[in-house]
Amino acid sequence: MRFKSTAGIALLLLGANLLAACTGPGLTRTVRGGGSQPAEFARNYLQYAGREGPVLMTVQGEAFGQPGAMLAPRLAEATSGAVFGLPVTFTTNREAVREPNWRIVFLIDNAPGASDQAVCAGEAPQSPVPETDNILAVFCFRERPYASVSGYSRSFGGPDDPALRDLARQIVRDMFPNAQEEQMREYDD
Numbered sequence: 282m283r284f285k286s287t288a289g290i291a292l293l294l295l296g297a298n299l300l301a302a303c304t305g306p307g308l309t310r311t312v313r314g315g316g317s318q319p320a321e322f323a324r325n326y327l328q329y330a331g332r333e334g335p336v337l338m339t340v341q342g343e344a345f346g347q348p349g350a351m352l353a354p355r356l357a358e359a360t361s362g363a364v365f366g367l368p369v370t371f372t373t374n375r376e377a378v379r380e381p382n383w384r385i386v387f388l389i390d391n392a393p394g395a396s397d398q399a400v401c402a403g404e405a406p407q408s409p410v411p412e413t414d415n416i417l418a419v420f421c422f423r424e425r426p427y428a429s430v431s432g433y434s435r436s437f438g439g440p441d442d443p444a445l446r447d448l449a450r451q452i453v454r455d456m457f458p459n460a461q462e463e464q465m466r467e468y469d470d
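The opening position of the sequence shown corresponds to residue 282 in my numbering, with each subsequent residue numbered one higher.
Pasting the structure below:
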């Protein structure tokens with residue numbers, strides 16, 4: 282296909298952008314929590330927790346009108362293998378983990394100002410907002426947070442939406458970046 286003018290190229294790009302806007306939740310964004318330990322420490326703790334088996338993952342509260350325990354297995358499966366350079370898997374089965382005190386806790390539709398500590402303690406409030414899905418994920422040791430990432434997107438189509446799976450994977454990747462990714466973040470700041 283050959284274009285004879287820049288107007289034709291612009292029209293093609295406009296059409297592609299419109300199509301992309303119609304195929305998913307739209308804007309997604311993740312932000313690493315300010316109270317997070319340096320990435321190297323968080324990665325080391327994750328590697329320790331998953332050295333002899335999967336790491337525990339839970340979903341606090343409700344998600345998409347269901348108990349969080351219904352969504353947790355989907356997120357555990359979706360995020361297993363998401364951390365670059367670490368062969369870590371996740372599970373919702375507490376008996377299957379070697380280190381049950383280490384876990385990742387997801388909170389869907391977290392209330393504004395929900396703290397990492399409240400998530401680890403199991404006391405974070407939820408506040409569903411129409412047309413937006415907020416997610417806060419925290420890597421906890423007992424009730425102490427070691428890393429957190431929040432993300433948001435325009436409404437997901439439900440618990441089986443591929444965009445939810447992709448955002449959950451991105452959140453876990455951002456929670457445990459490798460050294461090069463961490464250096465790039467410091468350079469951008």
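Beta carbons are placed, not taken as given, at the ideal position from N, Cα and C, and that holds for glycine.
Among residues of its own chain, excluding the 5 on either side of residue i, which ones have a beta-carbon nearer than 8 angstroms to its beta-carbon?
i           : result
residue 409 : 390
residue 415 : 389, 390, 391, 431, 432 and 433
residue 342 : 349, 388, 389, 390, 405 and 407
residue 393 : 408
residue 423 : 382 and 401
Rounded to the nearest angstrom, what separates residue i and residue j at their Cα positions?
i           : j           : result
residue 347 : residue 449 : 18 angstroms
residue 428 : residue 421 : 7 angstroms
residue 328 : residue 369 : 7 angstroms
residue 384 : residue 441 : 23 angstroms
residue 446 : residue 418 : 13 angstroms
residue 407 : residue 334 : 31 angstroms
residue 377 : residue 443 : 27 angstroms
residue 350 : residue 382 : 18 angstroms
residue 337 : residue 331 : 9 angstroms
residue 379 : residue 322 : 19 angstroms
residue 456 : residue 312 : 9 angstroms
residue 325 : residue 367 : 10 angstroms
residue 397 : residue 375 : 21 angstroms
Taking the alpha carbon of residue i as the point to measure from, which residue in the options has its own alpha carbon closest?
i           : options               : result
residue 360 : 344, 339, 377 and 393 : 339
residue 344 : 337, 353 and 336      : 353
residue 402 : 393, 394 and 425      : 425
residue 452 : 423, 396, 393 and 386 : 386
residue 439 : 397, 393, 355 and 423 : 355
Might you give, ordered along the chain, the residues of its own chain that have their beta carbon closer than 6 angstroms to the beta carbon of residue i, omitting 5 neighbours on each side?
i           : result
residue 458 : 320
Quick one: what's residue i bridged to in DSSP?
i           : result
residue 341 : 388
residue 409 : DSSP, once it has assigned bridges, lists no residue as partnering residue 409.
residue 426 : 421
residue 336 : 371
residue 348 : 343
Just to confirm my understanding: we take residue i, look at its own chain, exclude 5 residues before and 5 after, and list those with CB closer than 7 angstroms. What are they?
i           : result
residue 454 : 363, 364 and 365
residue 357 : 338, 371, 372 and 373
residue 399 : 405
residue 437 : 306, 414, 444 and 445
residue 395 : 388, 405, 406 and 417
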